[in-house]
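**Q** Going by this note's numbering, the sequence shown runs without a break in its numbering and finishes at 464. Please read through the structure below; I'll follow up with questions.
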Amino acid sequence: MKRIKNFPNLILILLLSLIVVTSCQKDDGPSGNNNPQENIPDTFSEYFGNEISRDFLGTVIDKNHNPIEGATITIGSETATTDSNGVFMINGATVKQRFGYIKAEKAGYIHASRSVVPSNGTNKVTIMMLEATVVGSVTSGSTSTVTATDGSSVSFDGNFIKEDGSTYDGSVDVILHHLDPADDDMPMQMPGMLYAENENGAERMLQTLGMLAVELRGSGGEDLNLPEGSTSEIKIPVDASLMNIAPNTIPLWYFDEANGYWKEEGQATLQGNMYVGTVSHFSFWNCDIPAEAITLCITTTDEDNVSLANMVVSITSTTFGTTYGYTNENGEVCGYVPSNESLILNVYSYDMCGDAPLHTETVGPFTVDSSITVTVPDNPDIIQETVVGTFNTCDGNAVTDGYVRLSYGYQTFIDAVTNGEFEINLLRCSDNNTFAIEASDY
């Protein structure tokens, strides 16, 4: 691979959690809970490891991929606000070795978040916030059903409570979003990552067959929920492309917004192309096939041991499907993958070099958390660009809290500025070596 020094800039926001998009054979509902030798800790948080300090750079966008300014970002005790580009930076956030949780909030949108397996270097995320659009209104004291245009629905028995536990009487606005795994944007829309605590307290990775986000608001805009003893029926459509793997019965999981992961609670049955289940409270609800997992960190380099940033890395399991992730500036990506199984690893540079993988190899099986280095062979048709530059204030002082955005073709890259300097690595297969660059003092 030829290495060229050039000058322009920025990065696309990268998703570090590995997203399951395809799956295994159809049956009556795998539980993923059947390993008699599994060692389950006393508390689920013990899975996360020790506290560490990590840097985060992210972008918050709406459903039209436009930046959202003014969103409040929280990672542990650290907070930030997105700028006009929808970008936020938080350095030195306290997270755990195997788990970090990023929350995004803004009036007019439902709660949004991202969870990651933190890597060294800058952890980059994209969060797509969904508008708090009211699909229908119901009245307390009356049974009712609210149905979205795609057929997803939620039914109520008429009982509602406020956040303080007191009874609510009056009109209730129902905010409803169906998240479809066949939608390319779903990994950015869903909360957390596909990581969960099962009913036995063990960790699992998940393959979703569909999610439903439900938020209830009173006439004064206050958040509402169901009282103890009340239940609602939810219906979640299954995309036609997933019907061949959809089990007749599947575990239900809700998203714990306080802790940042999914929890198993109940089950749903397949009725036609709908999963139908009963829930006792509202958040995001998810129909998922679980699997035992380990964390795998992958570092991609060229034959000169130069890190390859902004690569798409996929892991394919013969029994559980494919997961994807994106390398950071150190060429590293971390996430959950199925354990005890040989896996096919592919490295891509989408948009730049088409859909064919740049490199393929078999890795694993892994029984414990692991790190590997993958070397992508040199290719005369691929050019590795290293874009370097400096960013100073109008007074000539180095910017210490900024970032740069580099646009090339259909891709945009974002990277942090360190002591007034930045470096972005990417691959291209086109003869076009013109970049656009923008720097921002965050």
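Backbone N, C-alpha and C fix where the C-beta goes; we use that ideal spot for every residue, glycine too.
1. When you compare the region 164-172 with the region 120-136, are there three or more beta-carbon pairs, one atom per stretch, that lie closer than 8 angstroms?
2. Just the Cα atoms here: how many angstroms apart are Thr-345 and Ser-371?
3. By a C-beta neighbour count over all protein chains shown, 10 Å radius and 16 as the cutoff for buried, is Ile-459 buried or exposed?
4. What span of residues does the beta strand (DSSP E) with Pro-259 cover, start to end?
5. Quick one: using the 10 Å Cβ neighbour count with 16 as the cut-off for buried, is Asp-49 buried or exposed?
6. Reducing DSSP to helix, strand and coil, say where Leu-264 ends up.
7. With DSSP collapsed to three states, give me the class of Pro-249.
8. Could you pull the DSSP bridge partners for Cys-309 from this structure?
9. What span of residues does the beta strand (DSSP E) with Met-15 cover, start to end?
10. Could one say the Cβ of Gly-180 lies closer than 7 angstroms to chain D's Cβ atoms, at least one of them?
11. Excluding the five sequence neighbours on either side, which residues of its own chain have a C-beta within less than 7 angstroms of the C-beta of Tyr-283, listed in chain order?
12. Note down the Cα distance separating Gly-343 from Glu-60, rounded to an integer number of angstroms.
13. Exposed or buried, which one is Met-212 when buried takes at least 16 other CB atoms within 10 Å?
14. Measuring from the CB of Glu-185, is there a heavy atom of the ligand COA at a distance below 6 angstroms?
15. Please say whether Asp-179 and Thr-189 have beta carbons closer to each other than 7 angstroms?
16. Contact defined as beta carbons within less than 8 angstroms: I believe Thr-397 pairs with Leu-365. What is the distance between those atoms, to the nearest angstrom?
17. Roughly how many whole angstroms lie between the Cα atoms of Val-157 and Ser-193?
18. Determine the burial state of Val-43: buried for a count of at least 16 other Cβ atoms within 10 Å of its Cβ, exposed for fewer.
19. Along the beta strand (DSSP E) that carries Met-212, what are the first and last residues, could you check?
20. State buried or exposed for Asn-308, treating a residue as buried only when at least 16 other CB atoms are found within 10 Å of its CB.
**A** Based on what the coordinates show:
1. Contact fails: fewer than three Cβ-Cβ distances are below 8 angstroms.
2. Taking the sequence shown and counting its residues from 1, one reaches residue 345 at position 323. Taking the sequence shown and counting its residues from 1, one reaches residue 371 at position 349. Near 16 angstroms, if we compare the C-alpha coordinates of Ser-371 and Thr-345.
3. As a working note, residue 459 is residue 437 in the sequence shown. Counting the other Cβ atoms within 10 Å of the Cβ of Ile-459 gives 16 or more, which makes it buried.
4. Within the sequence shown, numbered from 1, the residue matching residue 259 stands at position 237. In the DSSP annotation of this structure, the continuous segment of the beta strand (DSSP E) that includes Pro-259 starts and ends at 254-259.
5. The sequence position of residue 49 within the sequence shown is 27, counting from 1. With a pLDDT of 43 at Asp-49, under the threshold of 50, the predicted position of this residue should be treated as unreliable, though the coordinate-derived value follows. Classification of Asp-49: exposed, given that the 10 Å Cβ count is below 16.
6. Your numbering for residue 264 matches position 242 in the sequence shown. Per DSSP, reduced to three states, the secondary structure at Leu-264 is helical.
7. Working through the sequence shown from its first residue, we reach residue 249 at position 227. DSSP, reduced to helix, strand and coil, places Pro-249 outside both helices and strands of the structure shown, so it counts as coil.
8. For the purposes of this step, residue 309 is taken as the residue at position 287 of the sequence shown. Bridge partners of Cys-309: Gly-232 and Leu-274.
9. Absent from the structure is residue 15, since the part of the chain shown begins at 23 and ends at 464.
10. The displayed structure is made up of one protein chain only, and chain D is not part of it.
11. Residue mapping note: residue 283 aligns to position 261 of the sequence shown, counting from 1. So the qualifying residues of the chain are Ser-137, Gly-214, Tyr-217, Ala-218 and Glu-219.
12. Numbered from its first residue, the sequence shown carries residue 343 at position 321. Numbered from its first residue, the sequence shown carries residue 60 at position 38. In a straight line, the C-alpha of Gly-343 is about 23 angstroms away from that of Glu-60.
13. Translated into positions along the sequence shown, residue 212 becomes position 190. Per the 10 Å Cβ criterion, buried.
14. Looking at this structure, you won't find the ligand COA or any other ligand, since it has none at all.
15. Position 167 of the sequence shown, counted from the first residue, corresponds to residue 189. Position 157 of the sequence shown, counted from the first residue, corresponds to residue 179. No; because the gap between Cβ atoms is not below 7 angstroms, this pair is not in contact.
16. Residue 397 sits at position 375 when you count from the first residue of the sequence shown. Residue 365 sits at position 343 when you count from the first residue of the sequence shown. No, Thr-397 and Leu-365 are not in contact; Cβ-Cβ is about 17 angstroms, not under 8 angstroms.
17. Sequence index remark: in the sequence shown, residue 157 carries index 135 (1-based). Sequence index remark: in the sequence shown, residue 193 carries index 171 (1-based). Cα-Cα distance, rounded: 13 angstroms.
18. Here residue 43 is taken as the residue at index 21 of the sequence shown, counted from 1. Here Val-43 scores only 30 on pLDDT, less than 50, and its place in the model is too uncertain to base an answer on.
19. To locate residue 212, count along the sequence shown from 1; it is residue 190. Element bounds for Met-212: n/a, residue is neither H nor E.
20. Here residue 308 refers to the residue found at position 286 of the sequence shown. Classified as buried, Asn-308 has 16 or more neighbouring CB atoms from the shown chains inside 10 Å of its CB.
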